[in-house]
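Participant: The following block contains the structure, expressed as structure tokens.
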Amino acid sequence: MGAYDNIINLPHPTSARHPRMSMADRAAQFSPFAALVGHGAAIEETARLTNRRVELTEEEKALLDDKLRLLLETGREGAITYFLPDGRKDGGAYVTAVGTVKRFDQLEGWVILTDRTAIPIEDILEIEI
């Protein structure tokens, strides 16, 4: 006769005071944890790429100026690609705003679209009409 023959066929004991733990909660006890909180986000931020601002020639600037005036005078919609500086790193990204030019303030250096998007003139790279 074995040492456990008297209890081998008994039902599994269940506590009346403590409910059974779910399988998900039991598995969570053994899952890894983030010892360095924020370390993953710091690595992602370092790996994130930014673009450099492209410097335009005087001829390219004059062409952009003509296109801006054409957009303003005709009221046509255009796509303006401009440099948006990154708030956390050197460089930035080029974004495109599509809309109608409401105001072109050369003294202040802004192009204002009808949807109130304000674009610095010095940051404009390209205009498509």
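In the working numbering, the protein residues as written are 238 to 366. Backbone N, C-alpha and C define an ideal beta-carbon position, used for all residues, glycine too. None of the values given here were measured: they were computed from a predicted structure.
What first and last residue would you give for the beta strand (DSSP E) that runs through residue 313?
Facilitator: Looking at the DSSP string, residue 313 is not in any beta strand (DSSP E), and its letter there is neither H nor E.
Participant: May I ask you to verify whether the stretch 354-365 touches the stretch 300-316, counting CB pairs closer than 8 Å and requiring at least 3?
Facilitator: In short, these stretches touch, since the Cβ pair count reaches three.
Participant: Taking the alpha-carbon of residue 333 as reference, which of 326, 343, 315 has the nearest alpha-carbon?
Facilitator: Comparing Cα positions, the closest option is 315.
Participant: Quick check: the stretch 313-327 against the stretch 266-274, are there 3 or more CB pairs under 8 Å?
Facilitator: Touching, no.
Participant: Please state the DSSP three-state secondary structure of residue 362.
Facilitator: Residue 362 falls in the strand class under three-state DSSP.
Participant: Just confirm the distance between the C-beta atoms of residue 309 and residue 341, as a whole number of angstroms; I'd bet it's less than 8 Å.
Facilitator: Residue 309 to residue 341, Cβ: 5 Å. Contact.
Participant: Determine the closest residue to residue 352 out of 296, 337, 248, with distance taken between C-alpha atoms.
Facilitator: Minimum Cα distance to residue 352 is reached at 337.
Participant: Spell out the partners DSSP gives residue 319 in its beta bridges.
Facilitator: Residue 319 is bridged to 332, 361.
Participant: Where does residue 342 fall in DSSP's three states?
Facilitator: The answer is strand: DSSP assigns residue 342 an E or B state.
Participant: Which of the three DSSP states, helix, strand or coil, is assigned to residue 301?
Facilitator: Helix.
Participant: Flag this pair as yes or no: are the beta carbons of residue 305 and residue 364 separated by less than 8 Å?
Facilitator: Going by C-beta atoms, residue 305 is nearer than 8 Å to residue 364.
Participant: Could you check how far apart the C-beta atoms of residue 319 and residue 362 are, in whole angstroms? I think they sit under 8 Å.
Facilitator: With 8 Å as the limit, residue 319 and residue 362 qualify as a contact, their Cβ atoms being about 6 Å apart.
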